[in-house]
Each structure stands twice: as structure tokens, then as C-alpha cells.
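Protein chains in written order, with our numbering: chain X, 5 to 118; chain R, 3 to 114. No residue lacks a Cβ here, since even glycine has one placed at the ideal position from N, Cα and C.
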């Protein structure tokens, strides 16, 4: 049973570019959440997708957008990259439409913006 | 704003001793609490969770205690092993919604 998978593992971009990160949820899970983790800090919630719609959103600008596909996989898109977007981007999956479902994390994508 | 924080940024423990990691939260609406372990270069790994209607929950070598009166959460690791060396995060969610709010993390270093 595969856990949460993310691609790519590492990525280097320059300021102003756009990036797309991908996530496949754990088998049986239908909800995907994205988090940004700066070095030495705890993860910060970006947004959550359920039934192909954004259900919740954290305090991130519109440059951050996402999508969920019918197979529950998800993408995170970041436009007009800034140096401060350099971070580990984590995807977490969970099941059910109710609250307080345990979220399981993938290994993350390390993004470096130069 | 509401936040979850930790008292100790680094905890050095002798192998075989018990570890206690503390966490304070400020959101009185928090209803579900989770401890995650994050090793270098990896994503957070679920350790144990507890709901607000409980005071204590035990897993394999780990125990989570919740004191709602003082909004305090702790993780106890019994017989700490070298493999327990990692950064530990507490996280919480409110009763409605599934957004995790994380603290800054505590690094646990296990000395042989």
C-alpha cells in the first residue's frame, strides 16, 4: 500500500518563474492538503482540496493555486516566484468529508528559488 | 492570532531514558491534537493523536497527555532510542474543518 507520493523531490527555479508540484494521496484517501515549511519552522497550511474543489485556504496570496483531479491526485501551482517561496512543500492526504481526519504526509518537494 | 507553540526548542536525552516534549496551544476551540515526528529530509510522520474528550492516550512507547484547563499537550517517549532523534511537532485542528496548525517544533537528540 503506497503512501503519499510527491514529485519532483527537488526543484530549482528563478524569480518570476512558475512551478507545478504534484501529489498522489494514500490509497483510499480523497482529501489533499498542501503545506509550506520554511527551514527550521513548522508547516504552514496553504489549502485543502476535496471533491475537486478548494475547501479551505490559509493566508497565502493568489499566486498559490491548486487543483484536484478525479483520481484525487493534486497539483500545487505557484506563479511569479519570489525568493521567499523557497521551502519544503508538503502534501498530506486524509479520508472522509468530516473534520479531524488524520492527515498523512508525503516526503515533500524541496523548492529553491534563485 | 491563534497558535500552537512549544516550550523547549531542543531536548537532549540519554539513550534508554524517557523523553517529555511539551506544547502549549492558545486556541480554546481546538478539538483534535496530533504529534508528528520529522526526520531530516523527510515529511512529518504521524505518531499519535488525541481528541479533546480525552486526557490521555497511549501507543507503542508513546503517551500523549492533554490538559485542557491550561491548554497544554505533552508527548512522552519511553526508553528513548537513537532512532527517536528527530524534530517533533504538535499540531491542532478546531472542531470544524481540517486545517492543521503546527508549532515550531522541538529537536530531540538522543545520546548513546
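Q. Smallest Cα separation from residue 84/X: which of 99/X, 17/X, 48/X and 45/X?
A. Position 80 of the first chain holds residue 84/X. If we check each option's Cα against that of residue 84/X, 17/X comes out closest.
Give the residues of chain X in contact with residue 105/R, contact being defined as C-beta atoms less than 7 Å apart. Sequence index remark: in the second chain, residue 105/R carries index 103 (1-based). Near residue 105/R (Cβ distances below 7 Å), the residues of chain X are 46.
| query | Out of curiosity, what's the CA-to-CA distance linking residue 4/R and residue 29/R? | reply | Your numbering for residue 4/R matches position 2 in the second chain. Your numbering for residue 29/R matches position 27 in the second chain. Bear in mind that the predicted position of residue 4/R carries a pLDDT of just 41, short of 50, making it too unreliable to give a figure here.
Which residues in chain X have a C-beta closer than 9 Å to the C-beta of residue 18/R? List them in chain order.
The residue given as residue 18/R occupies position 16 in the second chain. Neighbours of residue 18/R on chain X: none; closest Cβ ~29 Å, over 9 Å.
query = Are any of the Cβ atoms in chain R nearer than 7 Å to that of residue 109/X?
reply = Counted from its first residue, the first chain places residue 109/X at position 105. Cβ-Cβ to chain R under 7 Å: yes for residue 109/X.
Inset, instruction - Just the chain R side, please: which residues come within less than 9 Å of residue 94/X by C-beta, in chain order? - result: Position 90 of the first chain, counting from 1, holds the residue named residue 94/X. Near residue 94/X (Cβ distances below 9 Å), the residues of chain R are 45 and 46.
_Since residue 17/R and residue 82/R should fall inside the 8 Å C-beta cutoff, what is the C-beta to C-beta distance between them, to a whole number of angstroms?_
If you number the second chain from 1, residue 17/R lands on position 15. If you number the second chain from 1, residue 82/R lands on position 80. Yes, they are in contact, since the Cβ atoms of residue 17/R and residue 82/R sit about 6 Å apart, within 8 Å.
Around the C-beta of residue 68/R, are 16 or more other C-beta atoms found within 10 angstroms, so that it is buried, or is it exposed? Position 66 of the second chain holds residue 68/R. Looking at its Cβ environment, which holds 16 or more other Cβ atoms inside 10 Å, residue 68/R is buried.
Beta-carbon proximity of residue 45/R to residue 44/X, cut-off 7 Å = Stepping through the second chain from its first residue, residue 45/R is reached at position 43. Stepping through the first chain from its first residue, residue 44/X is reached at position 40. No, these two residues do not count as a Cβ contact at 7 Å.
**Where the region 22-37 of chain R meets chain X: residues whose CB sits under 9 Å from a CB there** = 33, 34 and 36
For a contact defined as C-beta to C-beta under 9 Å, what are the partners of residue 49/X on chain R?
As a first step, residue 49/X must be located in the first chain, where it is residue number 45. Residues of chain R passing the Cβ test: 101, 102, 103 and 104.
- Would you mind working out which of 79/R, 61/R and 34/R sits nearest residue 55/R, comparing C-alpha positions? Within the second chain, the letter at position 53 stands for residue 55/R. Of the candidates 79/R, 61/R and 34/R, the one whose C-alpha sits nearest the C-alpha of residue 55/R is 34/R.
Report the CB separation of residue 27/R from residue 94/R in whole angstroms; it is logged as a contact under 8 Å. As a first step, residue 27/R must be located in the second chain, where it is residue number 25. As a first step, residue 94/R must be located in the second chain, where it is residue number 92. Their Cβ separation, rounded to whole angstroms, is 5 Å, which keeps residue 27/R and residue 94/R in contact under 8 Å.
key: residue 36/X and residue 78/X closer than 7 Å at C-beta   = To locate residue 36/X, count along the first chain from 1; it is residue 32. To locate residue 78/X, count along the first chain from 1; it is residue 74. The answer is yes: Cβ separation under 7 Å.
With a CB to CB cut of under 7 Å and the five nearest residues on each side skipped, what residues in its chain are close to residue 61/X?
For the purposes of this step, residue 61/X is taken as the residue at position 57 of the first chain. Excluding residues within five positions, the ones whose Cβ falls inside 7 Å are 51.
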